[in-house]
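Participant:
Chains as they are written, first to last, in the working numbering: chain A, -12 to 273; chain B, -12 to 273.
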């Protein structure tokens, strides 16, 4: 019944001796709780968030549905282990193109241990987090032919400068498969995936409006997933593109201030996506 | 002709043996260039900014006018020293109430020296920069009586939590002089200073719209001044309140990304001011 997910682009992945998430065929995603306070933090966040009447429905849809926790056989065969039961946000797609974007120039917070802060700060400086306000932690793309599939490694995605980030965000919505090659991405799907009244940009702007106001949570090391199905876009000219927030092991109370760290990174991402929509054919080469 | 300014709430101040800014009676502010790269950086910024045709006029008005540089006798009597000649932004006020708010959760940038980064990071963590996205570096307030004047020290303003910051932002627009005391600030001037079509909030929102889009400059360790004249507000019911950006010794090129660090802090400040306008009478005590 449970199996390792086909479509995971970042985070801990199940393999020999390594515990990782599992999915079933009913649209559930089982995320093993980390043993330290990250596990309990993430459960606490989902419990708080899912029962908080102040979260508007149009914002709630950007978060995976939370179904509770359960002890199940771990993916590494080590026996029963507590898991979060979440909505499998990619289960509605046949061939999901997925981008995982870790939001915020700062992934650490002052209450964390010195070791953790030092590790995060080093990584924020080495990657594009500090410069761009986000880093692309992973992605996968399907082409129109069965053989076409691209899943670049972290090293190729997380330390981009602004031209490189814009190019990758263009490749992600191109009908040609530029992959690592020098082929110029045609951005053919940009207007359907990023644009339009239900596209990614409008969803990001809706999320931004909430972040300009909410002082309940501060989201550190949290990712936005961008999800769409290329075949559906090419056939139906509508994207069904979705954004989803994931990874809440480092959510803190807002204590009366907005999450300026997340909001700043989100606005930076919005600026990149807006520019692609404004000039989809711009010639950019690395 | 030149004298030490009457109304300086933060930054290096002229005193025996210490070089500081000077003003004349024609509305000029003479800022001594720092000897290291901070001095040359600030000159380079003012030259670039004042000649950049891409800066819209409605944004340019938030920056002091730049009149060039000049060698003049330094305030500490040490002889000729190069100074920036700038608009004296407080010269139009008789009794200016001033708040200096250093914007951004991060005052350092990755190109700086390790020592500088460590010093800034420590200060960002000790003050409210990291938590609120800004810190109040200084302020002064006049009352309606001649004897009423309040200028709390840095220690009282720069390390506030969100309740304390909101209280101080209320005190700053109150007709009673709560100063350090327990008197509840009446926020009587909030709607005229912070609110209204030409008030502080509208000006901050205009600046925000520019920061959501501009990728020319990144402003580290830069301050927003909020300026108004209490007597004018009480007499004319219009505030003449202004915001001005100052301190550009640490401005960097944007390199294709928005200044998400400044923007995040600015949005946080906007949220505080909005809340005061929404509930001006809220009872807040420290």
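We put the beta carbon where it would ideally sit given N, CA and C, even for glycine.
These numbers come from a predicted model, not from an experiment.
Who are the near neighbours of residue 6 (chain B) in its chain, counting only those whose CB is closer than 6 Å to its CB and skipping five residues on each side?
Facilitator: As a working mapping, residue 6 (chain B) is identified with position 19 in the second chain. So the list reads 19, 61, 62 and 63, once near-sequence residues are dropped.
Participant: Return yes when the Cβ of residue 71 (chain B) is within less than 9 Å of the Cβ of residue 56 (chain B), no when it is not.
Facilitator: Numbered from 1 along the second chain, position 69 holds the residue referred to as residue 56 (chain B). Numbered from 1 along the second chain, position 84 holds the residue referred to as residue 71 (chain B). Cβ atoms of residue 56 (chain B) and residue 71 (chain B): closer than 9 Å.
Participant: For residue 112 (chain B), which of helix, strand or coil comes out of DSSP?
Facilitator: Residue mapping note: residue 112 (chain B) aligns to position 125 of the second chain, counting from 1. In this structure, residue 112 (chain B) counts as helix in the three-state DSSP scheme.
Participant: Taking Cβ-Cβ distances below 7 Å as the criterion, which residues of the region 234 to 267 of chain A are in contact with chain B?
Facilitator: Hits within the stretch, in order: 242, 243, 244, 245, 247, 248, 250, 251, 252, 254, 255 and 258.
Participant: Quick check on residue 114 (chain A) - is its C-beta less than 9 Å from some C-beta in chain B?
Facilitator: Along the first chain, read from residue 1 onward, the residue named residue 114 (chain A) stands at position 127. Judged by the 9 Å Cβ criterion, residue 114 (chain A) is not in contact with chain B.
Participant: Answer with buried or exposed for residue 125 (chain B), where buried requires no fewer than 16 other C-beta atoms within 10 angstroms of its C-beta.
Facilitator: Along the second chain, read from residue 1 onward, the residue named residue 125 (chain B) stands at position 138. Answer is buried; the Cβ neighbour count reaches 16.
Participant: Distance cutoff 9 Å, beta carbons only. Does residue 182 (chain A) sit that close to anything in chain B?
Facilitator: Position 195 of the first chain holds residue 182 (chain A). It does not: the Cβ of residue 182 (chain A) has no partner Cβ on chain B nearer than 9 Å.
Participant: State yes or no: is the C-beta of residue 157 (chain A) within less than 9 Å of the C-beta of residue 174 (chain A)?
Facilitator: Counted from its first residue, the first chain places residue 157 (chain A) at position 170. Counted from its first residue, the first chain places residue 174 (chain A) at position 187. In this structure, residue 174 (chain A) lies closer than 9 Å to residue 157 (chain A) by Cβ.
Participant: Under a Cβ-count criterion, where at least 16 other Cβ atoms within 10 Å of its own Cβ denotes burial, should residue 132 (chain B) be classed as buried or exposed?
Facilitator: Numbered from its first residue, the second chain carries residue 132 (chain B) at position 145. With fewer than 16 Cβ atoms within 10 Å of its Cβ, residue 132 (chain B) is classed as exposed.
Participant: Quick one: does residue 188 (chain A) have its CB under 9 Å from some CB of chain B?
Facilitator: Position 201 of the first chain, counted from the start, is the residue given in the question as residue 188 (chain A). It does not; no Cβ of chain B falls within 9 Å.
Participant: Determine the extent of the beta strand (DSSP E) in which residue 18 (chain B) is found, giving its start and end residues.
Facilitator: Within the second chain, residue 18 (chain B) is the residue found at index 31, counting from 1. Where residue 18 (chain B) is concerned, the enclosing beta strand (DSSP E) stretches over 15 to 19.
Participant: For residue 184 (chain A), is the classification buried or exposed, using 16 other Cβ atoms within 10 angstroms of its Cβ as the cut-off for buried?
Facilitator: Indexing the first chain from 1 puts residue 184 (chain A) at position 197. Exposed is the call here.
Participant: Would you grab the beta carbon distance between residue 212 (chain A) and residue 230 (chain A) for me? Rounded to a whole angstrom, and I think it's under 8 Å.
Facilitator: Within the first chain, the letter at position 225 stands for residue 212 (chain A). Within the first chain, the letter at position 243 stands for residue 230 (chain A). Confirmed, Cβ separation roughly 7 Å.
Participant: Rounding to the nearest angstrom, what Cα-Cα distance links residue 234 (chain B) and residue 25 (chain A) in this structure?
Facilitator: By one-based count along the second chain, residue 234 (chain B) stands at place 247. By one-based count along the first chain, residue 25 (chain A) stands at place 38. Distance between the alpha carbons of residue 234 (chain B) and residue 25 (chain A) is about 40 Å.
Participant: Look up residue 155 (chain B) in the DSSP assignment and say whether it is helix, strand or coil.
Facilitator: Within the second chain, residue 155 (chain B) is the residue found at index 168, counting from 1. Residue 155 (chain B): helix per DSSP, three-state reduction.
Participant: Quick check: does the Cβ of residue 89 (chain B) come within less than 8 Å of any heavy atom belonging to the ligand SAM?
Facilitator: Although the ligand SAM was asked about, the structure shown includes no ligands whatsoever.
Participant: Between residue 232 (chain A) and residue 50 (chain A), which are expected to be in contact by the criterion C-beta below 8 Å, what is the C-beta distance as a whole number of angstroms?
Facilitator: For the purposes of this step, residue 232 (chain A) is taken as residue 245 along the first chain, with counting starting at 1. For the purposes of this step, residue 50 (chain A) is taken as residue 63 along the first chain, with counting starting at 1. The Cβ separation is near 5 Å, so the contact holds.
Participant: What residues from the region 118 to 139 of chain B come within 8 Å of chain A, judged by C-beta to C-beta, listed N to C?
Facilitator: Hits within the stretch, in order: 118, 119 and 120.
Participant: Return the CA-CA distance between residue -8 (chain B) and residue 14 (chain B), expressed in angstroms with no decimal places.
Facilitator: One-based indexing of the second chain puts residue -8 (chain B) at position 5. One-based indexing of the second chain puts residue 14 (chain B) at position 27. C-alpha separation (whole angstroms): 11 Å.
Participant: What are the boundary residues of the beta strand (DSSP E) that includes residue 67 (chain A)?
Facilitator: Here residue 67 (chain A) corresponds to residue number 80 of the first chain, with the count starting at 1. Taken as a continuous stretch (DSSP letters only), the beta strand (DSSP E) holding residue 67 (chain A) covers 67 to 74.
Participant: Along chain A, in chain order, which residues have C-beta atoms closer than 8 Å to that of residue 149 (chain B)?
Facilitator: The residue given as residue 149 (chain B) occupies position 162 in the second chain. Chain A residues near residue 149 (chain B): 202, 242, 243 and 244.
Participant: Please classify residue 8 (chain B): is it buried, with 16 or more other beta-carbons within 10 angstroms of its beta-carbon, or exposed?
Facilitator: Against the second chain, residue 8 (chain B) aligns to sequence position 21. Its Cβ being crowded by 16 or more others within 10 Å, residue 8 (chain B) is buried.
Participant: Is residue 242 (chain A) helix, strand or coil when you go by DSSP?
Facilitator: Against the first chain, residue 242 (chain A) aligns to sequence position 255. Residue state, collapsed to three classes: coil.
Participant: If the criterion is Cβ atoms closer than 9 Å, does the pair residue 200 (chain A) and residue 120 (chain B) meet it?
Facilitator: Taking the first residue of the first chain as 1, we reach residue 200 (chain A) at position 213. Taking the first residue of the second chain as 1, we reach residue 120 (chain B) at position 133. No, they are not a contact pair.
Participant: Can you tell me the Cα-Cα spacing of residue 257 (chain B) and residue 46 (chain B), whole angstroms?
Facilitator: Locating residue 257 (chain B) in the second chain gives position 270, where the first residue counts as 1. Locating residue 46 (chain B) in the second chain gives position 59, where the first residue counts as 1. Spanning the two alpha carbons is a distance of roughly 17 Å.
Participant: Could you check if residue 83 (chain B) is buried or exposed, using at least 16 other CB atoms within 10 Å of its CB as the buried criterion?
Facilitator: If you number the second chain from 1, residue 83 (chain B) lands on position 96. Answer is buried; the Cβ neighbour count reaches 16.
Participant: Between the C-alpha atoms of residue 69 (chain A) and residue 227 (chain A), what's the straight-line distance to the nearest angstrom?
Facilitator: Within the first chain, numbered from 1, the residue matching residue 69 (chain A) stands at position 82. Within the first chain, numbered from 1, the residue matching residue 227 (chain A) stands at position 240. Computed Cα separation, rounded: 33 Å.
Participant: In three-state DSSP terms, what is residue 235 (chain B)?
Facilitator: Position 248 of the second chain, counted from the first residue, corresponds to residue 235 (chain B). Coil.
Participant: Grouping DSSP H, G and I as helix and E and B as strand, with all else coil, what is residue 198 (chain A)?
Facilitator: Translated into positions along the first chain, residue 198 (chain A) becomes position 211. Here residue 198 (chain A) sits in helix by DSSP.
Participant: Mind checking residue 89 (chain A): buried by the 16 CB within 10 Å criterion, or exposed?
Facilitator: On the first chain, residue 89 (chain A) is found 102 positions in, with the first residue counted as 1. Counting Cβ neighbours within 10 Å, residue 89 (chain A) comes out buried, since at least 16 surround it.
Participant: Applying a beta-carbon distance threshold of less than 7 Å, which residues of chain A neighbour residue 276 (chain B)?
Facilitator: A question about residue 276 (chain B) goes unanswered here, because the residues of chain B that appear run from -12 up to 273.
Participant: Can you list, in chain order, the residues of its chain with a C-beta nearer than 7 Å to that of residue 170 (chain B)? Leave out the 5 residues immediately preceding and following it.
Facilitator: For the purposes of this step, residue 170 (chain B) is identified with residue 183 of the second chain, where counting begins at 1. Once the five neighbours on either side are set aside, the close Cβ partners of residue 170 (chain B) are 163.
Participant: Quick check on DSSP: helix, strand or coil for residue 136 (chain B)?
Facilitator: Locating residue 136 (chain B) in the second chain gives position 149, counting from the first residue. It is a strand residue.
Participant: Can you check DSSP and say which residues form a bridge with residue 86 (chain A)?
Facilitator: For the purposes of this step, residue 86 (chain A) is taken as residue 99 along the first chain, with counting starting at 1. DSSP, once it has assigned bridges, lists A:126 and A:213 as partnering residue 86 (chain A).
Participant: Given that residue 92 (chain B) touches chain A, what residues does it touch there, using C-beta distances under 9 Å?
Facilitator: Taking the first residue of the second chain as position 1, residue 92 (chain B) is located at position 105. Within chain A, the residues near residue 92 (chain B) are 92, 93, 247, 248 and 251.
Participant: Out of curiosity, what's the CA-to-CA distance linking residue 48 (chain B) and residue 33 (chain B)?
Facilitator: Counting from 1 along the second chain, the entry for residue 48 (chain B) is found at position 61. Counting from 1 along the second chain, the entry for residue 33 (chain B) is found at position 46. If I take the Cα positions, the gap works out to 13 Å.
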